[in-house]
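Count along the sequence shown starting at 1, add 27, and that's the number in the working numbering.
Ideal Cβ placement from N, Cα and C applies to all residues, glycine included.
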Amino acid sequence: MDLSEKELYELQKRIEDITINFDEYSIFNETPNLIKLLVGKDLISAKSYLYKYLPKDIYNSTIDQFGQYTLEAIIIYVLGLLYNSIQESSVVRVSTLVDRLDSTVRTQANIINNKNMVSSTATSSRVDSSKEGYIKHKKGTKYEIGKRLLEFMIDRKLLHIETFAADDKKAVVKKKGKGYLESNLFAVCNFDLSLIPLKLNLPMVCKPLNWEHISEKQFLFDFEIRKPFVLSDMIGGYLSCPTLDIYNSFRLNSSLNNRFSLISSRNLSNFNIELEDDRYKEMCNILNGLQKQGFKINNKILEFIKNNRATLEKVGLLMPGILAHVNLKDAYDLLRIKYYLNKDIKKVCSLSVLLKELANRVQTARYQDLIIRLASAYEDYVFYLPAFMDFRGRIYRSGILHFHERDLARSLIVFANNHQEGSNQSAKDIVASSAAFKYKKFYLYDNALQWYKEKQSLIYASDESLISFAKGASDPFQFIGKVLCYDRVQEYNRIPITQDAAASAYQIMSYLLLNEEMARRTNLIPHPDGKIQDVYMYLLYDFKEFLHHRINDKLQMEIIESKLDRKLIKSLFMPLIYGKTLISMEKDIRLKYGELLSRKDSYNLAKLSNEFWIHKYPDIVNFMKLITIISWFCSVMDRAVVYSIPYFTTKQDYMSFVKEEIMVYERTSKKRRRVTLSVPTMKRDKRKTQSSACANFIHQKDAYIAMKVVESLLREGAPIYTVHDNFITTPPYVRIVPDIYTKVFINMGPP
Numbered sequence: 028m029d030l031s032e033k034e035l036y037e038l039q040k041r042i043e044d045i046t047i048n049f050d051e052y053s054i055f056n057e058t059p060n061l062i063k064l065l066v067g068k069d070l071i072s073a074k075s076y077l078y079k080y081l082p083k084d085i086y087n088s089t090i091d092q093f094g095q096y097t098l099e100a101i102i103i104y105v106l107g108l109l110y111n112s113i114q115e116s117s118v119v120r121v122s123t124l125v126d127r128l129d130s131t132v133r134t135q136a137n138i139i140n141n142k143n144m145v146s147s148t149a150t151s152s153r154v155d156s157s158k159e160g161y162i163k164h165k166k167g168t169k170y171e172i173g174k175r176l177l178e179f180m181i182d183r184k185l186l187h188i189e190t191f192a193a194d195d196k197k198a199v200v201k202k203k204g205k206g207y208l209e210s211n212l213f214a215v216c217n218f219d220l221s222l223i224p225l226k227l228n229l230p231m232v233c234k235p236l237n238w239e240h241i242s243e244k245q246f247l248f249d250f251e252i253r254k255p256f257v258l259s260d261m262i263g264g265y266l267s268c269p270t271l272d273i274y275n276s277f278r279l280n281s282s283l284n285n286r287f288s289l290i291s292s293r294n295l296s297n298f299n300i301e302l303e304d305d306r307y308k309e310m311c312n313i314l315n316g317l318q319k320q321g322f323k324i325n326n327k328i329l330e331f332i333k334n335n336r337a338t339l340e341k342v343g344l345l346m347p348g349i350l351a352h353v354n355l356k357d358a359y360d361l362l363r364i365k366y367y368l369n370k371d372i373k374k375v376c377s378l379s380v381l382l383k384e385l386a387n388r389v390q391t392a393r394y395q396d397l398i399i400r401l402a403s404a405y406e407d408y409v410f411y412l413p414a415f416m417d418f419r420g421r422i423y424r425s426g427i428l429h430f431h432e433r434d435l436a437r438s439l440i441v442f443a444n445n446h447q448e449g450s451n452q453s454a455k456d457i458v459a460s461s462a463a464f465k466y467k468k469f470y471l472y473d474n475a476l477q478w479y480k481e482k483q484s485l486i487y488a489s490d491e492s493l494i495s496f497a498k499g500a501s502d503p504f505q506f507i508g509k510v511l512c513y514d515r516v517q518e519y520n521r522i523p524i525t526q527d528a529a530a531s532a533y534q535i536m537s538y539l540l541l542n543e544e545m546a547r548r549t550n551l552i553p554h555p556d557g558k559i560q561d562v563y564m565y566l567l568y569d570f571k572e573f574l575h576h577r578i579n580d581k582l583q584m585e586i587i588e589s590k591l592d593r594k595l596i597k598s599l600f601m602p603l604i605y606g607k608t609l610i611s612m613e614k615d616i617r618l619k620y621g622e623l624l625s626r627k628d629s630y631n632l633a634k635l636s637n638e639f640w641i642h643k644y645p646d647i648v649n650f651m652k653l654i655t656i657i658s659w660f661c662s663v664m665d666r667a668v669v670y671s672i673p674y675f676t677t678k679q680d681y682m683s684f685v686k687e688e689i690m691v692y693e694r695t696s697k698k699r700r701r702v703t704l705s706v707p708t709m710k711r712d713k714r715k716t717q718s719s720a721c722a723n724f725i726h727q728k729d730a731y732i733a734m735k736v737v738e739s740l741l742r743e744g745a746p747i748y749t750v751h752d753n754f755i756t757t758p759p760y761v762r763i764v765p766d767i768y769t770k771v772f773i774n775m776g777p778p
């Protein structure tokens with residue numbers, strides 16, 4: 028669409044006003060049907076409801092200053108944040124809803140109470156939330172506002188509470204009394220979820236603002252504000268000026284952690300990044316270069332999906348579109364009736380499992396519907412994806428239409444810039460090989476290209492043939508997208524080609540420990556025969572050999588081997604380098620084997636997995652122990668753990684949580700529901716510090732390597748997007764990425 032830069036700028040501001048900013052007037056205009064459920068002629072307002080049930084001191088310090096229907100607007104806004112289409116399920120834990128309602132109201136009250144808190148650019152993120160100006164509460168009343176607002180929503184029949192059994196049905200045994208099966212409470216909306224306003228960070232139709240430190244925007248007299256530079260003090264990205272409004276807040280004690288912030292940490296006083304004074308601008312240049320990369324919608328696959336929607340639903344690649352508009356309460360009621368009338372189903376499956384599966388399928392349908400509608404809306408625009416980082420330094424993107432997303436969203440994106448116009452056979456072959464890799468794994472690029480050419484006649488026979496073929500692909504929509512662009516010469520130099528570092532955590536360990544065998548198994552050192560090496564296949568082979576020496580029961584060994592595959596090996600040994608526990612490994616094994624192995628046998632197999640790890644890679648195990656001991660010592664000494672790389676220093680300071688129980692009363696059913704919430708304390712969590720230390724250390728190294736690769740590619744003028752250790756560029760630049768990646772390790776010098 029041919030709009031001027033000014034018109035695109037104004038359009039972006041309107042998009043942000045609708046999807047990001049909190050405004051009572053706009054919410055009332057956008058959601059008239061939801062407002063009718065909350066506001067009525069003979070119904071008291073939420074403010075009057077809280078006046079009736081809240082302690083007077085809490086009401087006077089928070090609620091009294093709100094407008095008559097401000098709370099209704101806040102309720103709808105929170106629903107938009109929690110029940111959006113990108114969550115895993117269409118239902119939300121009651122504890123999460125109570126926490127978010129409570130913290131949102133308290134934060135907005137704090138903003139009104141503190142007139143000086145106008146902009147996060149005027150407030151350092153190092154301010155302690157317990158300082159003067161923040162509303163305090165008595166013991167036992169921490170979640171009183173959230174609890175009463177939930178009861179208000181239940182009274183208005185806006186939602187109801189469902190009890191789902193925990194996934195792990197192991198009985199919990201108390202010191203006194205009998206064991207019981209753990210259950211979870213979920214809040215289920217009684218209305219059509221499509222009525223909820225879209226409150227998500229969307230792609231931008233104009234270039235994002237450059238990330239820079241607040242001191243570059245204004246003159247600061249206080250030298251202490253300048254140093255140390257903290258990542259959360261950076262401003263940029265979206266056009267909307269970051270403000271301490273409720274749409275920025277996750278928790279009361281981290282109101283500066285917002286949807287605009289460059290850092291995604293929830294608690295900035297415990298997890299933040301201190302920037303090196305002389306290097307932070309280099310890091311900003313990398314981030315700004317990434318977020319100024321333009322993208323477009325792949326209109327070929329979008330058109331293909333729209334034209335073949337029925338077939339895609341029939342083969343199971345898309346959920347039935349009707350599910351996206353199902354009223355979950357009505358569907359639950361119908362499912363209950365059918366379940367209790369069918370004795371055969373009751374024998375093999377619990378109602379709780381069916382209800383959760385229905386919620387997940389409805390959510391998948393909502394997600395797919397949103398992605399397709401969003402792609403249609405952005406089809407004629409070049410769009411941009413603002414960058415942000417977690418406290419380890421790993422780069423993410425705002426919005427939901429990007430390469431960090433699932434297969435469907437990734438398939439709909441191509442690069443906007445068309446570098447190196449024209450085409451050649453090499454670019455065409457790269458696209459073909461990339462399509463083949465989206466179908467399955469290959470160990471030689473030539474084999475991938477040969478496979479694609481052999482299957483061409485079947486792939487291109489018809490749309491139905493392509494869909495049927497894609498059903499067996501590891502990434503079906505990305506496979507279809509590349510197939511559709513294969514014969515379009517003008518598309519070659521815009522098609523995203525993905526190159527993934529093979530088990531980057533193991534690569535980093537091989538570098539730090541000078542482990543040549545591991546370096547070869549992870550492709551950090553190329554194999555002499557040119558084949559792509561798979562470290563998890565090596566681990567599978569070695570682990571089987573280890574088990575044959577340790578397990579004498581032939582029948583049990585046959586059972587174990589029947590399900591022992593690469594997928595299970597990866598789920599066991601990839602997280603192990605990050606500190607995966609035996610209990611977690613046992614759960615993965617039980618999920619894989621089901622009734623074939625008892626709980627005891629599953630645990631024993633997990634123990635053998637750990638013993639194999641210690642036996643096979645003692646150098647890695649010892650290095651991990653060294654990191655955890657240092658981290659434990661910091662925690663014992665009552666200090667945060669810090670990790671440094673040339674660009675920045677990461678601060679990690681895990682605090683323990685205590686459980687707080689509240690009772691939620693449903694007046695219609697006269698039921699009292701016990702809701703358990705986790706409340707952070709000021710006591711350091713030594714166990715969490717130990718278990719997370721190695722993972723955070725590796726992630727930070729991984730982030731630094733990714734930044735250096737991006738920096739080199741930007742100098743080459745290459746289109747680039749990175750998903751951690753996964754680099755996405757176009758065919759003309761594909762061949763230089765591995766060399767750049769290797770040079771980054773070389774330039775890091777001796778470990």
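Boundaries (first-last residue) of the beta strand (DSSP E) holding residue i
i: GLY264; result: 261-264
i: ILE755; result: 753-756
i: GLN477; result: Segment 472-486 is the alpha helix (DSSP H) holding GLN477; no beta strand (DSSP E) there.
i: THR708; result: 698-711
i: MET416; result: 414-416
Where residue i falls: helix, strand or coil (DSSP)
i: HIS554; result: coil
i: MET775; result: coil
i: SER156; result: Interpretation of SER156 is limited by its pLDDT of 32, a score under 50 that renders its predicted location unreliable; the figure taken from the coordinates is listed afterwards. Here SER156 sits in coil by DSSP.
i: ASN143; result: Confidence is the limiting factor: at ASN143 the pLDDT is only 38, short of 50, which leaves the residue's position unreliable and the question unanswerable from this model.
i: GLU43; result: helix
i: LEU279; result: Low local confidence applies: a pLDDT of 30 at LEU279 is under 50, so the model's placement there is unreliable, and no value is given.
i: CYS233; result: coil
i: ARG742; result: helix
i: ARG437; result: helix
i: THR148; result: Because the pLDDT at THR148 is just 31, under 50, the model does not fix this residue reliably, and the value given afterwards should be weighed accordingly. Helix.
i: SER461; result: helix
i: GLU115; result: coil
i: LYS678; result: strand
i: TYR644; result: coil
i: SER489; result: coil
i: PHE684; result: strand
Nearest candidate by alpha-carbon position, reference residue i, set the options
i: ILE618; options: ILE641, LEU591 and PHE639; result: As written in the sequence, residue 618 is Leu, which differs from the Ile given in the question. Checking every option, the nearest Cα to that of LEU618 belongs to LEU591.
i: MET709; options: THR703, VAL761, GLN560 and SER662; result: SER662
i: ARG183; options: ASN217, SER671 and LEU212; result: ASN217
i: PHE573; options: SER625, LEU539, ILE616 and LEU632; result: LEU632
i: THR4; options: ASP50, LEU362, ASP434 and ASP417; result: The shown model of the chain, from 28 to 778, leaves out residue 4, and the question about it has no answer.
i: SER453; options: TYR36, ASP417, PRO758 and LYS323; result: PRO758
i: ILE732; options: THR716, PRO765 and LEU603; result: PRO765
Short Cβ contact (9 Å threshold) for residue i with residue j
i: TYR681; j: ASN297; result: yes
i: VAL441; j: ARG521; result: yes
i: PHE675; j: TYR307; result: yes
i: ILE773; j: GLU743; result: no
i: ILE90; j: LYS74; result: yes
i: GLY173; j: ARG127; result: yes
i: LEU350; j: ARG336; result: no
i: GLN727; j: TYR670; result: yes
i: ALA136; j: GLY321; result: no
i: ASN111; j: ILE42; result: no
i: LEU637; j: MET612; result: Residue identity check: residue 637 is Asn in the sequence provided, not Leu. Cβ atoms of ASN637 and MET612: closer than 9 Å.
i: TYR170; j: LEU704; result: yes
Run of the alpha helix (DSSP H) containing residue i, from where it starts to where it stops
i: ARG175; result: 171-182
i: TYR6; result: Limits of the chain in this structure are 28 at one end and 778 at the other, which puts residue 6 out of reach.
i: GLU384; result: 378-404
i: ASN334; result: 326-334
i: SER75; result: 73-80
i: PHE504; result: 503-512
Any non-hydrogen atom of the ligand GDP within 8 Å of residue i CB
i: SER379; result: Among the components of this structure there are no ligands whatsoever, and the ligand GDP is therefore not found.
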